[in-house]
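Report on the structure given below.
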Amino acid sequence: MSLDHSSDSALPIKISGLTKKYGDMYALDAVDLDIKSGEFLTLLGPSGSGKTTLLMAIAGFNRPDAGSIRFADQEMILYPPHRREVGMVFQSYALFPHMTVAENIAFPLKLRKVSVEECALRVEEALQTVQLDGLGARNIDQLSGGQRQRVALARAFVFRPRILLMDEPLSALDKKLRERMQIELKQLHRQLGVTTVYVTHDQREALTMSDRIAVINHGKLVQVDTPEAIYNAPANAFVADFIGESTLLPLSLGGGDQLYFGDQSIATVQAAVSAQGGTENNQGWSLVVRPERLLVLDKNSSSSQPLINGFAFDGIVFGGTIRESVFQGESAFLIVALASGADSSGVDVAVRFSTGKAANIESLANGQQIELGLHREDVIVIPQEAD
Amino acid sequence: MAASAGSRLKHADALKRQNRLEQWTLLGLAAPALVVIVLVVLIPVGWLFYLSFLGGDGQFSLENYQKMLKYKSYARTFMTTFQVSILTTLICILIGYPLAYFLAQLPNRIAGLFMLTVLLPFWTSLLVRTYAWLVLLQRKGILNDFAIQIGLWDSPVKLVHNMTGTLIGMAHIMLPFLVLPLYNAMKKIDRDLMQAASNLGATPTRAFWQIYFPLSMPGMVAGSLIVFVLCLGFYVTPAVLGGGRVIMVATQITAILENQYDWGAASALGVVLLVATILVLILASRLFKLDSALFGKG
Amino acid sequence: MQLSIQIRHALAGTAAVLLLAGTAVAEPITVVSWGGTYGAAQDNALFNDASKNTGIEIIRESGASMSKTCLQVESGSVTWDLVVSGSGGAANAAAKGCLEPIDYSVVDVSDFYPNLYTDYCVGSDVFATVMAWNTDKYGEPGSEGAPQNWADFFDAEKFPGTRAYRANNVDGALEPALMADGVAPEDVYEVLSTREGMERAINKIRELKPHIAVFWGSGAQQAQLMKDAEVDMTTGWNGRFDNAKKDGAKVGYTLKQALLDYDCFAMPKGAPNKDVAMKFLAEISKAEYQANLPFHITYGPTNKKAYEVTTASKELIESLPSHPSNVPMMLPVQLDWYAKHREEALELYMELMSE
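Residue numbers (our numbering), protein chains in the order written: chain A, 712 to 1098; chain B, 207 to 504; chain C, 9 to 363.
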């Protein structure tokens, strides 16, 4: 493809101390964020977390109360939106209904006084890039949702902006199309090499597409890291809960340095503190249990030596009762009431496993006793939230 | 094989009957409106046509139309009528567009409050509003008195009993008819579109002219047509504020009736005005794709 | 004996009450006049007292018009019983067959001026179409420098200022122009009987048109224009100006060269309460009611006897248009001319207005 932007045309974004208040509520609370040149960074958070406010501040659509937004070395905070040279894909697509597809895409080019010939050329290129060749003459209301999405995308990058912003661009599409577009957007990003800031509340989408994810809540950045790091080492209960499925099991401090769940020793405080980057914690600790990391142990295993598929298992073992088993095609999951220790009785955890014949799901009936295992490497311990 | 064909057609007739029943029900629901339209529109208009072709002796004749060509006053009256209607529409657009734009930018609740002030005139009688303008604008009226007192001008300016006064009064009365559809059209314009335009590099001025203005056109065309057509048949305001110097078709119809009790001649004037109005609407629908202007797009 | 007499009286009284009740049961009649001080004057002088004295109930409506009368008659839904009209309008409506002939065995016109009733219309009052002016601007009537005649009205150099003239109706509009143009009053209708004569009048008005600030459409508007000092001089009906003056307007007028005309009561053909209405018309045509009219509006009675029975002052009586001392200086309106030429004259006048 000829639409090959050299990555040196991408710009890094440096946000510091960005604050925006609506009444008494902080939509953005002194946000500091460095976005690398050419990076695909996702702002992830629940609705009302401030992720869209942050995106709109970068685009110039809202006026923060204080702070700085730099594109490379250029301070942009006082620039009006039309002078920021930032491409943006809106959640509503914001296509101009009185213009054809081609006119929509040509709009930013005409504003930049691109010659008629080049304009036609670049519109055609852009249409090819988003696989809409030949649809330039269509009216917007003749397009499907997915096609509109692609037009919005083409219009956002056709003028070669060095930063591309996307505000939940896939939220209006159905699941299948959304998943296909996620891959396409990822490929397009690689092809354009442009610094991309992507807003979503869908953690799976964020994990799929991002180089880095910035988790935001109550106007504050909670954790900024790669998808793997965020998933495997969530900074706190909010991140653990928001990214992937998880159950938090409160741990008790036992003899010496040990943290216990019931009578199971889970980890040492020292290990927990070092995993959290040395942060001391007075609130206590919780174990993050992810459904796919729990293992169903063999039924006949003797109490002295737990087995898995006939092999010895030397990880942590939880006993419990099956409350529900759900078959979902490629995988299945159980809801198990853990019954280890008086204080933690009644905590439900989910267990997900793939549905090979060997899984023998029929044998897992409700009310049955079961043993679950967790490898020591999969232990994630996080500080408990202050109330 | 025959059995399977039969089962494929099972209930086909009954289902078709249900379909038909549904259509008849719809027609039945529309019937009262259709009856009303026939009674209060078609029959009277037909009667008007019939009367206009009756001569003084009660026989078919074109004399009523010939008379319109014989005396210059008729052509002039039609000219005045169209002139007043066009000018009133233009004034309404000049005042109404910024007003509707302003309202459309406000949060709904505050816009509602402002809209109330736009609509308030609707709740006062036309006559009262018209005479209020007379009191304001006449030679020794409030406006002239005030302007002279503060030294704006030395002797009374003729603001009423002429075209100026007529246009002021008409524009005031017609303004809501323009603002309402225009406001509606503007409310439907997605705010994201303006943001998108500026994001793509358009200055606020360009964004307005290239995006907002074209998208507000349907509302403006609809409102302008309503104003224009209403103006064509207006009587009270030009009669009172025109001071006999702005004679519109409705005034002349009244004059003919009051003086000559001549239904045929009056009907002929009404027919010509009606036909002229329909021609304007047809022309407008060609120019502006009226169906989408009046009924919105998909 | 004494008792029986009393009983007989009582019985007679009861019978009388029953008789009265009998008339009261009759449908109320609908009497239609104009708005402003004119209708009010008729209420106070004629209708209220006549209703009380006869026991005939009336429904009063405003907006009297011969065209609406004809509409009611032609559409066969007559709701009006008595309608006020200008003399010309009534003649026109009668010619179109919209009016019921007056039953002169019921209505007694033996004391009427002979030219103030026709087969279809009974005169109600005599008025004059005059020129009136703002007295602050041109002086009181009769004073030195005040306008004297129609020539002065049409002379915008001698009497600079704004004028008002009749709108969309040619009644009483052409005669003043001709007199201003030097035609003697007695020759006016003869001159007007040709197209050239009408155009001569129209041209005279056309000369004045730049100074005509307002064309008036009603008697109420004439009064309002003078009250508001919106114009300096206007044509109009004398009674309206007297009432405006009573309300404080700086207005005066002259009967010199004024057009002498009368209003009358007509009955739509097929009036719903024809007989009762005819009785009511007979009642209000009596001198005793007509004698009260000048107190409320300075229009003269059509019943000569009213001059004898009225208690109005000599000064008031002498100011009325129909007073013998005034009639000679005025031009009586000729209904014949209107019957023949009104339509054409109106078309020409509308041309002038629409210019």
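In this text, a Cβ means the ideal position worked out from N, Cα and C, and glycines have one as well.
Taking Cβ to Cβ, would you say B:LEU388 is nearer than 7 Å to B:ALA306?
yes
Within chain B, the residues that A:PRO945 reaches when beta carbons sit closer than 8 Å:
Simply none; closest approach about 34 Å.
For B:ARG335, return the contacting residues in chain C, with the cut-off set at a CB-CB distance below 7 Å.
Chain C residues near B:ARG335: none, gap ~17 Å exceeds 7 Å.
Run of the alpha helix (DSSP H) containing C:GLU291, from where it starts to where it stops:
282-292
Excluding the 5 residues flanking B:ALA218 on each side, which residues of the same chain have their C-beta closer than 6 Å to its C-beta?
none
On the three-state DSSP scale, how would you describe A:ASP952?
helix
If I'm right that C:GLY260 touches C:GLY244 with Cβ under 8 Å, what's the distance once you round it to whole angstroms?
Not really, about 12 Å apart at Cβ, beyond 8 Å.
With a floor of 4 residues, list each alpha helix (DSSP H) that falls wholly inside the region 318-366 of chain B, ordered by position along the chain.
332-343 and 348-355
When DSSP builds the beta bridges, which residues end up paired with A:LYS931?
A:ASN928
Does A:GLY799 get closer than 7 Å to chain B when you measure Cβ to Cβ?
The sequence shown places Met at residue 799 of chain A, rather than the Gly named in the question. True, the Cβ-Cβ gap to chain B drops below 7 Å.
Beta-carbon proximity list for C:SER41, same chain, < 6 Å, skipping 5 on both sides
GLY47, GLN50, ALA72 and VAL92
Chain-ordered residues of the region 416-449 of chain B with a beta carbon less than 9 Å from chain A
GLN416, ILE417, PRO420, LEU421 and MET423
What's the C-alpha gap between A:LYS897 and A:PHE751?
8 Å
Cβ-based neighbour list, B:ARG451, same chain, cut-off 6 Å, excluding 5 preceding and 5 following:
ASN368
Span of the beta strand (DSSP E), counted from its first residue to its last, around A:ALA1061:
1058-1065
Is the CB of B:THR283 under 7 Å away from at least one CB in chain C?
yes
So A:TYR909 and A:THR811 are in contact, right, with Cβ under 8 Å, and what is the actual spacing, rounded?
Not quite, the Cβ-Cβ distance comes to about 28 Å (not below 8 Å), so this is no contact.
Helix, strand or coil at B:LEU240 according to DSSP, with G and I counted as helix:
helix
Selection from B:SER473, B:ASN270 and B:GLY262 that minimises the alpha carbon distance to B:TRP253
B:SER473
Can you tell me which residues form a DSSP beta bridge with C:MET139?
C:THR243 and C:THR262
Residues sharing a beta bridge with A:ALA777, DSSP:
A:THR730
Here's a check: name, in chain order, each residue in its chain whose Cβ is nearer than 8 Å to the Cβ of B:ILE292, leaving out the five neighbours to either side.
PHE434
Is the region 230-247 of chain C in contact with the region 62-78 of chain C, if contact means three or more CB pairs nearer than 8 Å?
no
Mind listing, in chain order, the continuous beta strand (DSSP E) runs of no fewer than 3 residues lying wholly within the region 110-180 of chain C?
129-142 and 171-174
C:ASN211: contacting residues in chain B (beta-carbon distance under 9 Å):
Going along chain B, no residue has its Cβ under 9 Å from C:ASN211, so there is no contact; the nearest lies around 15 Å.
Using the beta-carbon of each residue, which ones in chain A are nearer than 7 Å to B:MET409?
The residue asked about is misnamed: residue 409 of chain B is Thr in this sequence, not Met. Going along chain A in sequence order, the residues near B:THR409 (Cβ under 7 Å) are HIS793.
Identify the continuous alpha helix (DSSP H) that holds B:ALA461 and give its terminal residues.
455-466
Can you grab the Cα-Cα spacing for the pair C:GLY105 / C:VAL39, in whole Å?
20 Å
Counting only beta-carbon atoms, is A:PHE772 nearer than 7 Å to chain B?
yes
Inspect the beta-carbon positions of B:MET392 and B:THR294 and report whether they are closer than 7 Å.
no
Quick check on the burial criterion: 16 or more other C-beta atoms within 10 angstroms. Buried or exposed for C:HIS219?
buried
By the 10 Å Cβ neighbour count, where 16 or more other Cβ atoms means buried, how is C:VAL86 classified, buried or exposed?
buried
According to DSSP, C:GLU359 sits in a beta bridge with which residue or residues?
DSSP output for C:GLU359 lists no bridge partner at all.
Cβ of B:LEU475 less than 7 Å from any chain C Cβ?
no
Segment limits, alpha helix (DSSP H) that includes B:SER279:
278-311
For A:ASN850, write down the residues that DSSP places opposite it in a beta bridge.
A:THR811
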